[in-house]
Amino acid sequence: MLFHRSVGENIGYVKENASPKEIENATKAANIHEFIESLPEKYNTIVGERGVKLSGGQRQRIAIARAILKNAPILVLDEATSSLDSHTEQEVQKSIDTMLDIDNVTIIAIAHRLSTIKHMDRILLWIKAKS
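All residue numbers for the sequence shown refer to the numbering used here, where the first residue is 1 and numbers rise by one.
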């Protein structure tokens with residue numbers, strides 16, 4: 001969920017007193033920093049209610065930057081790439097792969113696309129039984 005605030009505020013609110021450098025590092029890890037730098041007001045650009053001024057992939061990568069900044073021990077991704085085109089899916093996947101390299105993070109990913117989970121340590125498959 002994104003708020004009608006700046007990009008920086010939408011990322012930084014998860015960590016009290018987060019420095020601009022910490023926010024920038026999180027966005028670099030989430031593969032969204034260059035896009036933010038291209039915005040007219042960079043990290044001060046207002047994204048609109050629920051991030052309406054951003055694409056689905058940009059919103060996803062901002063959410064991933066937020067999770068990286070928060071340093072949460074568990075992250076649940078529910079169809080994180082389901083509504084994205086293949087190029088944007090790859091960009092978001094790079095962000096997820098970066099998170100997989102962070103120590104002490106458990107990612108639970110719910111996905112229909114194999115490409116979303118192919119780098120996970122363990123994959124569980126549920127198959128609906130037919131009678």
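Just so you know, even glycine gets a beta-carbon here, dropped at the ideal spot from N, CA and C. These numbers come from a predicted model, not from an experiment.
field: Selected residue, minimal CA-CA separation from VAL92, among LEU75, ILE32, LEU69
entry: Position 92 of the sequence shown holds residue 92. Ranking LEU75, ILE32, LEU69 by Cα distance to VAL92 puts ILE32 first.
- prompt: Nearest to GLU89 by CA position, among ASN104, HIS112, ALA18, VAL52, is which residue?
  reply: Residue numbering aside, residue 89 sits at position 89 when the sequence shown is read from its first letter. Nearest to GLU89 by C-alpha distance, out of ASN104, HIS112, ALA18, VAL52, is HIS112.
query: Is the CB-CB distance between THR98 and ALA30 below 8 Å?
result: Here residue 98 refers to the residue found at position 98 when the sequence shown is read from its first residue. Here residue 30 refers to the residue found at position 30 when the sequence shown is read from its first residue. Yes; because the gap between Cβ atoms is below 8 Å, this pair is in contact.
- prompt: For PRO73, which residues from the same chain have a beta carbon less than 8 Å from its beta carbon, with the 5 sequence-adjacent residues on both sides left out?
  reply: As a working mapping, residue 73 is identified with position 73 in the sequence shown. Shown here for PRO73: same chain residues with a beta carbon closer than 8 Å to its own, the five before and five after excluded, namely ASN104, VAL105, THR106 in chain order.
query: Is the distance from the Cβ of ALA109 to the Cβ of ILE68 below 8 Å?
result: In the sequence shown, counting from the first residue as 1, residue 109 sits at position 109. In the sequence shown, counting from the first residue as 1, residue 68 sits at position 68. Their beta carbons are not under 8 Å apart, which means ALA109 does not touch ILE68 by this criterion.
N- and C-terminal bounds of the alpha helix (DSSP H) containing ASP97: What you label residue 97 is simply residue 97 of the sequence shown in a count that begins at 1. The continuous alpha helix (DSSP H) containing ASP97 extends over residues 86-100.
field: Cα-Cα separation between ILE23 and ASP101, rounded to whole angstroms
entry: In the sequence shown, counting from the first residue as 1, residue 23 sits at position 23. In the sequence shown, counting from the first residue as 1, residue 101 sits at position 101. Approximately 18 Å, taken between the alpha carbons.
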